[in-house]
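Asks: Can you read through this structure? Questions will come right after.
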Amino acid sequence: MTTVSTADPRFFPKPDPISAEELARISGAELVLPRDGELPPGGFTGIGPLQEAGPTEVSFLDNRRYASLLDETRAGLIIVGKAFANRIPAGSAALVTSSAYLAWSRVARRFYPRPEARQGQHPSAVIDPSAIVHETAEIGPFAVIGAGATIGERTIIAAHAVIGDSVVIGADCRIGTHVSLSHALVGDRVTLFPGARIGQDGFGFAVGPAGFETVPQLGRVILGNDVEIGANATIDRGSVRDTVIGAGTRLDNLVQIGHNTTLGRNCIVVSQAGISGSTELGDRVTVAAQAGLIGHIKIGEGARIGAQCGVMSDVDSGADVIGSPAMPFREFFRNVATLRRLSRRASGNTAAAGDVASDKD
Amino acid sequence: MTTVSTADPRFFPKPDPISAEELARISGAELVLPRDGELPPGGFTGIGPLQEAGPTEVSFLDNRRYASLLDETRAGLIIVGKAFANRIPAGSAALVTSSAYLAWSRVARRFYPRPEARQGQHPSAVIDPSAIVHETAEIGPFAVIGAGATIGERTIIAAHAVIGDSVVIGADCRIGTHVSLSHALVGDRVTLFPGARIGQDGFGFAVGPAGFETVPQLGRVILGNDVEIGANATIDRGSVRDTVIGAGTRLDNLVQIGHNTTLGRNCIVVSQAGISGSTELGDRVTVAAQAGLIGHIKIGEGARIGAQCGVMSDVDSGADVIGSPAMPFREFFRNVATLRRLSRRASGNTAAAGDVASDKD
Amino acid sequence: MTTVSTADPRFFPKPDPISAEELARISGAELVLPRDGELPPGGFTGIGPLQEAGPTEVSFLDNRRYASLLDETRAGLIIVGKAFANRIPAGSAALVTSSAYLAWSRVARRFYPRPEARQGQHPSAVIDPSAIVHETAEIGPFAVIGAGATIGERTIIAAHAVIGDSVVIGADCRIGTHVSLSHALVGDRVTLFPGARIGQDGFGFAVGPAGFETVPQLGRVILGNDVEIGANATIDRGSVRDTVIGAGTRLDNLVQIGHNTTLGRNCIVVSQAGISGSTELGDRVTVAAQAGLIGHIKIGEGARIGAQCGVMSDVDSGADVIGSPAMPFREFFRNVATLRRLSRRASGNTAAAGDVASDKD
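Residue numbers (this note's numbering), protein chains in the order written: chain A, 1 to 361; chain D, 1001 to 1361; chain R, 2001 to 2361.
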């Protein structure tokens, strides 16, 4: 519908040009000048993918499967890891670093800073008189802020977010559109993407004589500093203790976190994964997409749970598991290979059994 | 709670009667008169399932597992494939076609057309003065339309939908309740079901010295004409390129689409499936429920990904894969059979060992 | 961020003290006095986990893996099953019962009753003049109630919920924030958690000459009494019949229910599970997390579907199945063991074969 593919100025304000030296400085990369040509005198004007970036734009190579794009790119400045430094086209400058993706991230952010809170409260918002909303916060249209809630400095409450009674939200947070947040204490620099549901009752019931009886859910949700929660993700509050998401941890869209669950610091939980109640994750655990963890188990720090993995028991620190039920990566792929081999052989034997010749063996 | 099971008039306005000839015409089916009886003189008055439809109602048979219902139905007109034409009860007319489900769809739509946009803007909606809203559009209660957004002819923005700054929405779209839509260009006749989250940041971060650093997400979401997105589905915007959903493609509820992903035309993605970032699907790809695709792979046109499949590498055009990791359908079910056989044999051997002891009794 | 871990008084109003006798009465448990010490004269003041509860608080042991906590707890009153009655510390009283979790549930509820409806309609709500809202109902900020809708006694419609035209909701229901509810008849004491999407079009389309054509979805959603639906769960309305959720059935967060599906009474569907269209579940069926059921099958009453199970065909009453494709629990775990054994043996053989060759070097 349009030829602009990165940073459409309708959505991302056009930045002022930035010099290569400045980009090298903020990214911590080494600037390598073009072998044939010069830096654009006015600086760089934006970013783009290798296929599309022009002589005043910055691009990057992070995934080696796209390395052949280096041969054709017209990008004026390319961020690359050291392994690709000798493949930069003659006319392009390079920012060479051992952390290309991190450097790219910082360069892109330098061009396109996050929008800041626009101080003020939309007149349509319903804010309880007992709520304490910092004067620098931004409260969007139709937001609802409950009794006794606290909203910190420069925090953005987007349109249609509902903040329950007594919820505490720190500074520099971004609470997305249509978020429901209750029974929660939220740190600083926390981002909740649209439609996240945080603090509702956990899934707890007892079997009574006439059917299920709801077990009161009397804990909270604690979100540490720098936590991010994806769109339409769900985090239930605890029943007798808190549900805790450690500082720096990031959850992707549509992730489910059951009640009383504890995640450590700097964990990653990818889209559509689910962690059942009372399970505990150490720091730096990675849970890949669509994995599921049963309740009441412990995952050691730094463990990696593969995509679609079904984890039914504790996982050691640093372990890599995959499969349903979960097993070490190596064992899983050995199993896959074994079954394929046996299955092919069986299929061959079945065919052979029909042969008269095989009877003679 | 009531005996009406199809088209409760409280929810679907009662239609005027329609003649069998008209229904044959709009469905492209052949009208076969009752062998014993006559068409209802006043035309047909509605639709219903075979078990419940009466002499002035239309029903259909699409799934052969329900064929025995033909023996008992009282439906006055039955839409069937050619294979079932000889099983129509003597008192019923039939619409015989090679596309029974399509014919049914058109007949049902003829009775119950989609509600049209009720031109106008609810006084509670917050519409930025710079937004361009076509005068024929319907804007529901508490909708929010951002600065510079464009809303096309006869498009419905339902209650509580939030349309971000500069978003472009074409004609005849239906944006459901509580939808969040930002950083997006939307074609014509697009339907977004309630709670869909479109255009939020992709899940992108780099590992920095003090924890994760967010990578700016500077692409958009492009939804082609006739796209449908299910309830509570999530589509992240691109990071350096766009996330693109091709014309005619339909996503079911709770589907996740990662950043930079491209889906071709007329693809189907069933509920709770997830497609990771930068993966590319050709045209007419089907992804069944709860399947997961890793990032940076290509799925050829017309490929079919089975339910709960875990796709870790490219899939050829026209291929059928299932399993986790994905493999051809045939291989998957052969593996299942092989493992069952080996497992029973192993179990039998164990039992046989026990039999030695019992032989002594 | 605070040391209170259960029932933070900011979120849960501090209860009046309750006597041990009263707690025994409402829980149906046997009160056992402390062997060494006395009951707190003023009664019990609240609840807490074993690690944290003090001498005037009630705690419980439900999961035997935490039994060692009994040795250290300071809780004044402990609810336990009979098997643990002899492990109660000398200073603590006990409530001994054969249903510890149920007793706990009732005790906790006695301390912390559910908030009741605060009769009245927030002035920001948009309520169609033809809607019938009981005077005892609570209608929150920005709620939208459609034409002809009915809201029963003491029902709470939370902030931002949207109730479609003609929807009927019974008494004592709790409709959460940001819920979308249309084309539905809802019984009494039904709870819908935030962001649930109920009554939107099912995923139905026919293949026409120019692409997919939407099949009209002309059924409803029927929710029986005491149903609970989790946050961001989705239930599509039927196409030719109704989608029905039987009385007492509970769905967890992010569950998907396709059109025309029928769930019996007192079923449990755990988070992220999905049930495809036209499938029928009997009473008391349990579907564990992330399981998926294809359409048009029947699950007998009392069947249990394991986590991540992929169910492709009917399941007998009372059966336990797991795996993808689904199989009996016993067979699944036998298969896992068989494959592990064969795989290790193959790996051993390969290693041995390689060793022979390398010995020759």
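Quick reminder that beta carbons are idealized off the backbone N, C-alpha and C, glycines included.
1) Under three-state DSSP, which class holds G81 (chain A)?
2) Any contact between the region 238–254 of chain A and the region 2123–2142 of chain R? By contact I mean 3 or more CB pairs, one from each, below 8 Å.
3) According to the neighbour-count rule (16 or more other Cβ atoms, all chains shown, within 10 Å of its Cβ), is M327 (chain A) buried or exposed?
4) Could you check how far apart the C-beta atoms of S1271 (chain D) and N1253 (chain D) are, in whole angstroms? I think they sit under 8 Å.
5) Cβ atoms of V58 (chain A) and V80 (chain A): under 8 Å apart, would you say?
6) Please work out which residues of its chain come closer than 6 Å, Cβ to Cβ, to W1104 (chain D), disregarding the five sequence neighbours upstream and downstream, and give them in chain order.
7) Got a sec: is the Cβ-Cβ distance from A2352 (chain R) to anything in chain A below 8 Å?
8) Is the Cβ of N1232 (chain D) closer than 8 Å to any Cβ of chain C?
9) So for V1058 (chain D), helix, strand or coil by DSSP?
10) What does the Cβ neighbour count give for P2216 (chain R), buried or exposed, with the cut at 16 atoms within 10 Å?
11) Which bits of chain R does S1182 (chain D) rub up against, with CB to CB less than 9 Å?
12) Looking at the strands, I want to know which residues DSSP matches up with L1181 (chain D).
13) Would the beta-carbon of A2273 (chain R) fall within 8 Å of that of A2288 (chain R)?
14) Is there a Cβ of chain R sitting closer than 8 Å to that of F193 (chain A), yes or no?
15) Provide the residue span of the alpha helix (DSSP H) that contains E1030 (chain D), from first to last.
16) Please list, in chain order, the residues of the region 1299–1311 of chain D that have any C-beta partner in chain R closer than 7 Å.
17) Identify, in the order they occur along the chain, each residue of the same chain with its Cβ nearer than 7 Å to the Cβ of G1323 (chain D), setting aside the five sequence neighbours on each side.
18) Quick one: what's V2315 (chain R) bridged to in DSSP?
19) Can you list, in chain order, the residues of its chain whose CB lies under 6 Å from that of D172 (chain A), leaving out five sequence neighbours each side?
20) Whole-angstrom Cβ separation of P89 (chain A) and L77 (chain A), contact assumed at under 8 Å?
21) Is DSSP giving G2354 (chain R) helix, strand or coil here?
22) Is the Cβ of G1246 (chain D) closer than 8 Å to any Cβ of chain A?
23) Kindly indicate which residue of A:G246, A:G219, A:R250, A:D226 has the alpha-carbon position closest to the one of P2009 (chain R).
24) Name the DSSP beta bridge partners of A2020 (chain R), please?
25) Examine the Cβ distances between the region 1310–1319 of chain D and the region 1332–1345 of chain D and report whether three or more of them are shorter than 8 Å.
26) Kindly give me the distance between the Cβ atoms of D283 (chain A) and R237 (chain A), rounded to whole angstroms, as I take these residues to be in contact under 8 Å.
27) Sort out for me which residues DSSP pairs L2070 (chain R) with in a bridge.
28) Answer with buried or exposed for G2042 (chain R), where buried requires no fewer than 16 other C-beta atoms within 10 angstroms of its C-beta.
29) Taking just the CA atoms, how far does F1011 (chain D) sit from K1298 (chain D)?
30) According to a CB-to-CB cut-off of less than 8 Å, which residues of the region 2128–2143 of chain R neighbour chain D?
31) Just grab the DSSP bridge partners of I1257 (chain D) for me.
32) Across which residues does DSSP place P328 (chain A) in a beta bridge pair?
33) Under 8 Å between the Cβ atoms of A196 (chain A) and G164 (chain A)?
34) Could you check the C-alpha separation between V1255 (chain D) and F1193 (chain D) for me, to the nearest Å?
35) Is the beta carbon of I1198 (chain D) closer than 8 Å to that of V1227 (chain D)?
36) Ends of the alpha helix (DSSP H) at V1285 (chain D)?
Replies: Concretely, from the data shown:
1) Numbered from its first residue, the first sequence carries residue 81 (chain A) at position 81. Strand.
2) Touching, no.
3) Here residue 327 (chain A) refers to the residue found at position 327 of the first sequence. Result: buried.
4) As a first step, residue 1271 (chain D) must be located in the second sequence, where it is residue number 271. As a first step, residue 1253 (chain D) must be located in the second sequence, where it is residue number 253. About 5 Å separates the two Cβ atoms, so the contact holds.
5) Counted from its first residue, the first sequence places residue 80 (chain A) at position 80. Counted from its first residue, the first sequence places residue 58 (chain A) at position 58. Cβ atoms of V80 (chain A) and V58 (chain A): not closer than 8 Å.
6) Position 104 of the second sequence, counting from 1, holds the residue named residue 1104 (chain D). Excluding sequence neighbours, W1104 (chain D) sits near F1060, I1079.
7) Along the third sequence, read from residue 1 onward, the residue named residue 2352 (chain R) stands at position 352. Note that A2352 (chain R) scores a pLDDT of 41, beneath 50, so its modelled location is shaky; the value from the coordinates is reported in the next line. Cβ-Cβ to chain A under 8 Å: no for A2352 (chain R).
8) Of the chains in the structure shown, none is chain C; the protein chains are A, D and R.
9) Counting from one through the second sequence, the residue named residue 1058 (chain D) turns up at place 58. Looking at V1058 (chain D) - three-state DSSP - the assignment turns out to be strand.
10) By 1-based counting over the third sequence, the position of residue 2216 (chain R) is 216. Burial call: buried.
11) Residue mapping note: residue 1182 (chain D) aligns to position 182 of the second sequence, counting from 1. Neighbours of S1182 (chain D) on chain R: none; closest Cβ ~17 Å, over 9 Å.
12) Within the second sequence, the letter at position 181 stands for residue 1181 (chain D). Paired residues: D:I1163, D:I1198.
13) In the third sequence, the residue the question calls residue 2273 (chain R) occupies position 273. In the third sequence, the residue the question calls residue 2288 (chain R) occupies position 288. Against a cut-off of 8 Å, the Cβ pair of A2288 (chain R) and A2273 (chain R) comes out as a contact.
14) Here the question's residue 193 (chain A) lines up with position 193 in the first sequence. Answer no: the Cβ-Cβ gap between F193 (chain A) and chain R never drops below 8 Å.
15) Locating residue 1030 (chain D) in the second sequence gives position 30, counting from the first residue. Looking at the DSSP string, E1030 (chain D) is not in any alpha helix (DSSP H); the run it does join, the beta strand (DSSP E), is 1030–1032.
16) Flagged, chain order: A1307, Q1308.
17) Reading the second sequence from its first residue, position 323 is the one you call residue 1323 (chain D). Excluding its 5 nearest sequence neighbours in each direction, G1323 (chain D) has C-beta neighbours in its own chain below 7 Å: C1309, F1332, listed in chain order.
18) As a working mapping, residue 2315 (chain R) is identified with position 315 in the third sequence. In the DSSP assignment, V2315 (chain R) is bridged to R:I2299.
19) Locating residue 172 (chain A) in the first sequence gives position 172, where the first residue counts as 1. Counting only Cβ-Cβ distances below 6 Å, and skipping sequence neighbours, we find R154, D188, R189.
20) Counted from its first residue, the first sequence places residue 89 (chain A) at position 89. Counted from its first residue, the first sequence places residue 77 (chain A) at position 77. About 11 Å separates the two Cβ atoms, so there is no contact after all.
21) For the purposes of this step, residue 2354 (chain R) is identified with residue 354 of the third sequence, where counting begins at 1. Note that G2354 (chain R) has pLDDT 36, beneath the 50 cutoff, so the model's placement of it is unreliable and the number below is only indicative. Looking at G2354 (chain R) - three-state DSSP - the assignment turns out to be helix.
22) Walking along the second sequence from the start, residue 1246 (chain D) turns up at place 246. Taking Cβ atoms only, chain A never reaches closer than 8 Å to G1246 (chain D), which makes this a no.
23) One-based indexing of the third sequence puts residue 2009 (chain R) at position 9. Comparing Cα-Cα distances from P2009 (chain R) to each of A:G246, A:G219, A:R250, A:D226, the minimum goes to A:G219.
24) Working through the third sequence from its first residue, we reach residue 2020 (chain R) at position 20. Its beta-bridge partners do not exist; DSSP assigns none.
25) no
26) In the first sequence, residue 283 (chain A) corresponds to position 283, counting from 1. In the first sequence, residue 237 (chain A) corresponds to position 237, counting from 1. No, D283 (chain A) and R237 (chain A) are not in contact; Cβ-Cβ is about 22 Å, not under 8 Å.
27) Mapped onto the third sequence, residue 2070 (chain R) falls at position 70. In DSSP, L2070 (chain R) forms no bridge with anything.
28) As a working mapping, residue 2042 (chain R) is identified with position 42 in the third sequence. Flag for G2042 (chain R) reads exposed.
29) Numbered from its first residue, the second sequence carries residue 1298 (chain D) at position 298. Numbered from its first residue, the second sequence carries residue 1011 (chain D) at position 11. Cα to Cα, K1298 (chain D) sits roughly 43 Å from F1011 (chain D).
30) F2142
31) Your numbering for residue 1257 (chain D) matches position 257 in the second sequence. I1257 (chain D) is bridged to D:I1235, D:I1275.
32) On the first sequence, position 328 is the one that residue 328 (chain A) refers to. Paired residues: A:V321.
33) Sequence index remark: in the first sequence, residue 196 (chain A) carries index 196 (1-based). Sequence index remark: in the first sequence, residue 164 (chain A) carries index 164 (1-based). No, they are not a contact pair.
34) By one-based count along the second sequence, residue 1255 (chain D) stands at place 255. By one-based count along the second sequence, residue 1193 (chain D) stands at place 193. Cα-Cα distance, rounded: 12 Å.
35) Counting from one through the second sequence, the residue named residue 1227 (chain D) turns up at place 227. Counting from one through the second sequence, the residue named residue 1198 (chain D) turns up at place 198. No, they are not a contact pair.
36) In the second sequence, residue 1285 (chain D) corresponds to position 285, counting from 1. Element bounds for V1285 (chain D): n/a, residue is neither H nor E.
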